[in-house]
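Heads up: the structure comes next, in structure tokens.
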Amino acid sequence: MSISPDSRVAVVTGASSGIGEATARTLAAQGFHVVVGARRLDRLQKLADEIGGTALELDVTDEDSVEAFTTVLPRVDVLINNAGGAKGLAPVTEAVEDDWRWMWETNVIGTLRVTKALIPKLIASGDGLIVTVTSVAAFEAYDNGAGYTSAKHAQAVLHRTLRGELLGQPVRLTEIAPGAVETEFSLVRFEGDRERADKVYEGITPLVAQDIAEIIGFVASRPSHVDLDQIIVKPRDQASAGRFHRVTD
Ligand code: 8X3
14 MSISPDSRVA
24 VVTGASSGIG
34 EATARTLAAQ
44 GFHVVVGARR
54 LDRLQKLADE
64 IGGTALELDV
74 TDEDSVEAFT
84 TVLPRVDVLI
94 NNAGGAKGLA
104 PVTEAVEDDW
114 RWMWETNVIG
124 TLRVTKALIP
134 KLIASGDGLI
144 VTVTSVAAFE
154 AYDNGAGYTS
164 AKHAQAVLHR
174 TLRGELLGQP
184 VRLTEIAPGA
194 VETEFSLVRF
204 EGDRERADKV
214 YEGITPLVAQ
224 DIAEIIGFVA
234 SRPSHVDLDQ
244 IIVKPRDQAS
254 AGRFHRVTD
């Protein structure tokens, strides 16, 4: 991996699309050498070429993949824990265990694995930053969403715990909790059912990936004594996880 010795390095997980991809572009424009990680290497490589960064295959649910990804990085100044997602929308009485397992593996254990492995490098940078993209689902429980809301709560608690455990170290921690952002999120949740995914954003003006990327760019460009601990961001048309103002004709 060729990274100039004076480049600050930002790692973005789940970077092949959506918030991760937009964030990688924003951080690259701010001068970071961005290492993008995801499972879809073809999309990732194209992005890395465009932003002058590095593409590395990463499956956060696979211990060996995380180890290979994290050990090869010469230095890390910024970590964006973006990989995650939802599968299904089912009441607890109809919970699909495999969906729960995937959500916990991806959002919780995945974030744990990557963060734990990179903390020494973030500390060694002398001015590290960890941004974890959680969700309004990390603050609220909603019907049919327990698999996802419980995983997002757990991911957020992991991240918030580090704020205390890393106190005194040169590492800032920011949790960003978005509401409705129109990305591939709902398409993944509903296993490619485009009509169902589109309904989530029907009649509202949702956030787009760039909105979140710009916030992350703002966070990353604050002076190092400033820690934006938590940011909850929703579309104007959304009051809470399940409460929207929809205009339909
Ligand atoms: C995505 C937002 O409302 O589907 O994290 O939980 S929501």
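The sequence shown finishes on residue 262 if you use the numbering used here, and the numbering steps up by one all the way, no holes. Glycine included, every Cβ here is placed at the ideal spot set by N, Cα and C. Small disclaimer: the values here were computed from a predicted structure and weren't measured.
query, result
"Span separating the alpha-carbon of S199 from that of A210", "5 Å"
"DSSP-derived helix/strand/coil call for V239", "coil"
"Contact under 8 Å by Cβ, M14 with V127", "no"
"Range of the contiguous beta strand (DSSP E) that encloses R185", "184 to 191"
"The segment 54 to 69 in contact with the segment 152 to 159 per 3-pair CB rule at 8 Å", "no"
"When D19, T39, V48, D90 are compared against V184, the one with the closest alpha-carbon", "D90"
"Cutoff 6 Å; reference A193; Cβ partners in own chain excluding five residues on either side", "P219, P248, Q251"
"For I64 and I16, the rounded distance between their alpha carbons", "13 Å"
"Segment limits, alpha helix (DSSP H) that includes L57", "54 to 64"
"Test item: CB-CB of M116 and K129 under 8 Å", "no"
"G101 CB to nearest heavy atom of the ligand HEM below 7 Å", "Although the ligand HEM was asked about, the structure shown includes only the ligand 8X3 as ligands."
"Whole-angstrom distance between T106 and G44, CA atom to CA atom", "49 Å"
"Alpha carbon of A41 to alpha carbon of N94, nearest angstrom", "16 Å"
"C-alpha distance - A137 paired with E208, whole-angstrom precision", "47 Å"
"Beta-carbon separation (whole angstroms), A96 vs V79, contact threshold 8 Å", "About 10 Å separates the two Cβ atoms, so there is no contact after all."
"Close Cβ partners of A35 (< 6 Å) along its chain, the five nearest in sequence each way excluded", "A222, Q223, A226"
"Counterpart residues of F203 in DSSP-defined beta bridges", "Partner(s): none; F203 has no beta bridge."
"Helix, strand or coil at I93 [DSSP, three-state]", "strand"
"The ligand 8X3 heavy atom lying under 7 Å from the CB of S30", "no"
"Rounded straight-line distance, which links the Cα of V146 to that of H172", "10 Å"
"Selected residue, minimal CA-CA separation from D242, among L186, I122, Y161, F257", "L186"
"H46 vs G27 beta-carbon contact at 8 Å", "no"
"Bridge-paired residues (DSSP) for F257", "Q251"
"Residues near the ligand 8X3, criterion Cβ-heavy atom distance below 5 Å", "S148, A150, A254"
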